[in-house]
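Everything on this sheet refers to the single structure shown next.
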Amino acid sequence: LLAMAVLAGCGKSDSSGGGSSSGGGGGGATVAKTPEDAWKDMRKCFENGDGKGLWNCISSASRKEMTEGDGAKQFDGLKQMEDDKLEPITKENFGMGAAEFKKASVEQVMIAIFTKLTKDPKEKEKMSKTTWKSCEIKGEMAYCVTLEPGDDGKQQEDYAVLVKEDGTWKVN
């Protein structure tokens, strides 16, 4: 899903406040009137290192699953570890120290992961070579295809399902 968020589209932020699992505010995303607009907006968020904008690319249902599902339980388990054992894990995977991780909400950790992803040279190169191919819209759902470089260097199709929320297309 993380790769799909990075490939398929940002939407507007869902509220002007900060930090709720319903989307929070901030992030450089705009109202994406078409799935392709969402993809272009996402690229801009990625290029600008905007993890909050990337978080806002994801549908509220998917954000809820990430913040309340199995991933949240795993984060809770990690928070029980001793700081000296946790520190290398959180630095490498989330770009934050153990103390910061223990205080962070799941949403804040996900935004940190997205921000870290935008700084990865391999991911930046892959994104720069990814192109929009097509999209089929069926009501409030869109089935989209992008072309991205595979491990062998050849372009391969990647797929994303987007949903329309409050007039804005988002990754589901």
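According to this note's numbering, the sequence shown is numbered sequentially starting from 1.
From the three backbone atoms N, C-alpha and C, an ideal C-beta is built for every residue, glycine too.
Look at the alpha carbon of residue i and the alpha carbon of residue j, and state the distance between them as a whole number of angstroms.
| i | j | result |
| --- | --- | --- |
| valine 161 | methionine 127 | 18 Å |
| valine 31 | methionine 96 | 30 Å |
| glutamine 156 | threonine 67 | 31 Å |
| lysine 122 | aspartate 151 | 11 Å |
| lysine 102 | tryptophan 132 | 39 Å |
| tryptophan 169 | methionine 81 | 39 Å |
| aspartate 41 | lysine 79 | 34 Å |
| isoleucine 111 | tryptophan 55 | 6 Å |
My output table needs one value for residue i: the three-state DSSP class, helix, strand or coil.
| i | result |
| --- | --- |
| glutamine 184 | An answer regarding residue 184 cannot be provided, because it is not within the stretch 1 to 172 covered by the chain. |
| aspartate 158 | strand |
| threonine 168 | strand |
| lysine 133 | strand |
| threonine 146 | strand |
| lysine 119 | coil |
| valine 31 | coil |
| methionine 96 | coil |
Give the single residue among the options whose Cα lies nearest to the Cα of residue i.
| i | options | result |
| --- | --- | --- |
| valine 106 | Asp70, Glu136, Lys133 | Asp70 |
| glutamate 175 | Phe101, Lys119, Lys154 | Outside the shown range of the chain (1 to 172) lies residue 175, about which nothing can therefore be said. |
| lysine 154 | Lys129, Thr168, Trp169 | Lys129 |
| asparagine 93 | Ile113, Gly77, Asp158 | Ile113 |
Apart from the five residues on each side of it in sequence, which residues of its chain come closer than 7 Å, Cβ to Cβ, to residue i?
| i | result |
| --- | --- |
| alanine 98 | Asp83, Leu86, Glu87, Thr90 |
| phenylalanine 75 | Val106, Val109 |
| glutamate 125 | none |
Given that a residue counts as buried once 16 or more other Cβ atoms are within 10 Å of its Cβ, and exposed if not, what is residue i?
| i | result |
| --- | --- |
| aspartate 50 | buried |
| aspartate 260 | In the structure displayed, the chain extends from 1 to 172; residue 260 sits before or after that span and is not available. |
| lysine 138 | exposed |
| lysine 73 | exposed |
| lysine 164 | buried |
| leucine 1 | The pLDDT assigned to leucine 1 is 36, lower than 50, so where the model puts this residue is not dependable, and the model offers no usable value. |
Skipping 5 residues on each side, what residues in its chain have a beta carbon closer than 6 Å to that of residue i?
| i | result |
| --- | --- |
| cysteine 135 | Pro35, Ala142, Cys144 |
| lysine 116 | Gly95 |
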